[in-house]
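Heads up, my numbering is the position in the sequence shown plus 181, with the first residue counted as 1. For reference, the structure is listed below as structure tokens.
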Amino acid sequence: MLMLHEYRRRADRLADHLPWAALVAPGIVLNKDGGFQRTFRFRGPDLESATEAELVAACARANNILKRFGSGWALHIEAERREALGYPASHFPEAASWLIDEERRAGFEAAEQHYESRYFLTLTFLPPPDQADTAGRALVERSDDLKGRDWRQAMGHFIAETDRALDLFSGFMPEVRALDDAETLTYLHGTISQRHHAIGVPETPMYLDGILVDTPLTGGLEPMLGSEHLRTLTILGFPNLSRPGILDALNHEAFSYRWVTRFIALDKTQATKALTRLRRQWFNKRKSITALLREVLYNQPAQLLDSDADNKVLDADHALQALGADHVSFGYLTTTITVADADHARVQEKVRALERIVGGLVV
């Protein structure tokens with residue numbers, strides 16, 4: 182990629198903030214920072230017909246797959262709710278089935294609007310820096326043709342890991358597949374544009390950040406994408422108890438949204454360091470500075486402790502135990518729900534509807 186500061190001192194347009202650089206393999210995007218990303222489209226069990234035991238089992242198997250990813254990996258899971266444009270065409274061998282489907286079609290077309298959800302999983306991998314990779318290669322004997330740093334080795338490792346995850350997901354997901362080049366570009370374009378249409382693969386699939394942008398973005402306290410107002414709701418807290426499909430109420434709302442969950446994974450070693458540091462910080466917060474000075478002056482232990490900090494210490498201990506037993510993995514999580522509408526009042530109504538759903542669950 183070109184050095185931006187040779188031409189402009191500051192990023193002043195949407196393309197400058199996008200990470201995508203080029204297509205380097207079928208469905209594989211090379212990012213500007215040297216990382217790779219690949220997107221899967223999937224569909225989980227039907228929440229209306231699946232039993233709770235089936236949903237719990239599916240979540241457990243998905244957890245076993247996703248916790249394999251360590252430092253350098255990031256996961257973006259998106260649920261895109263979009264208006265259904267029409268009833269799908271169908272063909273039946275006998276007249277009875279055709280008549281039943283025509284009744285369904287009439288009921289579908291009689292209603293005002295229908296919405297459908299599409300689900301995507303994007304895996305992103307940032308290879309280790311040259312210093313760390315050189316130290317690791319020095320400890321392993323390799324043949325002459327494999328010595329040295331080559332981006333093809335990093336891409337091969339990324340493809341192998343994502344293929345392994347795809348194979349494991351296909352064992353229990355009703356539908357999961359990797360997007361090809363055209364589908365990948367169409368998906369990326371849909372995340373940054375208010376125009377939804379298919380994108381063809383250019384002859385030279387380079388500078389994707391500039392090719393895919395066709396809508397201006399206005400920042401500030403009330404951002405806009407083109408002529409649509411954007412509002413984002415960020416989930417900061419979590420309930421004490423959860424269940425699969427806890428936010429299924431979002432599927433019953435009559436408007437479009439994008440629910441994106443980003444998870445930046447950590448290796449077991451890095452997660453242990455982070456949890457140990459948090460435990461030490463909460464342990465130090467159990468006693469205030471005044472209580473510590475009183476202990477030093479009067480040589481008596483403080484009787485009153487910060488019970489909230491004490492509970493946080495126990496919570497960090499439980500997290501370290503779960504990590505040590507390999508039940509879970511840890512990382513940094515961000516969950517947002519974004520809505521858009523050309524009408525300012527309408528987009529505020531959508532935000533309030535989301536707050537009613539999320540606020541009724543999060544404690």
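In this text, a Cβ means the ideal position worked out from N, Cα and C, and glycines have one as well. Predicted model, so just to flag it, every value in this text is computed and none were measured.
Taking the C-alpha atoms as reference points, what is the distance between K531 and F436?
-> 8 Å
Grab me the residues of G407's own chain with a C-beta within less than 6 Å of its C-beta, minus the 5 sequence neighbours each way, in chain order.
-> Q375, T396
Test item: CB-CB of T413 and M405 under 8 Å = no
Could you check the C-alpha separation between L393 and P386 for me, to the nearest Å?
-> 11 Å
Under the three-state DSSP convention, the category N492 falls into | helix
Exposure of N212, with buried meaning 16 or more beta-carbon neighbours within 10 Å | buried
Alpha-carbon to alpha-carbon, D489 and P482 | 19 Å
Anticipated Cβ contact below 8 Å, T615 with Y438, distance rounded = The question about residue 615 has no answer here: the residues shown for the chain are numbered 182 through 544.
Could you have a look at V544 and say whether DSSP puts it in helix, strand or coil?
-> Residue placement at V544 is flagged as unreliable, the pLDDT there being 45, under the threshold of 50; a coordinate-derived value is accordingly withheld.
Helix, strand or coil: which one does DSSP assign to L514?
-> L514 sits in a strand when the DSSP states are folded into three classes.
Which runs of the beta strand (DSSP E) fall wholly inside the region 419-449 and span at least 3 residues, in chain order?
-> 438-446
Every unbroken beta strand (DSSP E) inside the region 322-369 [3 residues or more] = 356-359
Mark L535 as exposed unless 16 or more other C-beta atoms lie within 10 angstroms of its C-beta, in which case mark it buried.
-> buried
Residue from C240, L307, T453 with nearest C-alpha to L349 = C240
Rank R190, R262, P207, R249 by C-alpha distance to the C-alpha of N432 and give the top, closest one.
-> R262
Taking Cβ to Cβ, would you say L501 is nearer than 8 Å to L456?
-> A contact, by the Cβ cut-off of 8 Å.
Which class does L389 belong to by DSSP, given the choice of helix, strand or coil?
-> helix
Nonlocal neighbours in the same chain, by C-beta distance under 6 Å from G288, ignoring five residues either side | none
C-alpha distance - I246 paired with L474, whole-angstrom precision | 50 Å
How about I508 and H410: are their beta carbons less than 8 Å apart?
-> Sequence check: residue 508 is His here, not Ile. No, Cβ-Cβ distance for H508 and H410 is not below 8 Å.
Grouping DSSP H, G and I as helix and E and B as strand, with all else coil, what is Q218?
-> strand
Alpha-carbon spacing of R242 relative to P274, whole angstroms = R242 and P274 have their alpha carbons spaced roughly 38 Å apart.
Which residues mark the beginning and the end of the beta strand (DSSP E) in which L414 is found?
-> 409-415
Thinking L236 and D429 are a contact (beta carbons under 8 Å), I'd like their distance in whole angstroms, please.
-> The Cβ separation is near 10 Å, so there is no contact.
What are the partner residues of I209, as DSSP defines its beta bridges?
-> Beta-bridge annotation (DSSP): I209 is paired with A206, R219.
Beta-carbon separation of G208 and R222 under 8 Å?
-> Note that the C-beta distance between G208 and R222 is not below 8 Å.
Closest to E364 by CA distance: which of P308, T303, Y388 is it?
-> T303
If you draw a straight line from the C-alpha of G216 to the C-alpha of Y479, how long is it?
-> 58 Å
Put I380 into one of helix, strand or coil per three-state DSSP.
-> coil
For A260, is the beta carbon positioned less than 7 Å from some heavy atom of the ligand SAH?
-> This structure lacks the ligand SAH; in fact it carries no ligand of any kind.
Please name the residue or residues paired with Y300 in a DSSP beta bridge.
-> Looking at the DSSP output, Y300 sits in a beta bridge with F223, A260.
Taking all protein chains shown into account, do 16 or more other C-beta atoms lie within 10 angstroms of the C-beta of A202, making it buried, or fewer, making it exposed?
-> buried
Would you kindly check if the distance between the Cβ of E264 and the Cβ of Y296 is under 8 Å?
-> yes
Leaving out five residues on either side along the sequence, give the residues of the same chain with a beta carbon under 6 Å from the beta carbon of L199.
-> Within the same chain, Cβ atoms closer than 6 Å to the Cβ of L199 are found at D390, the five residues on either side in sequence being excluded.
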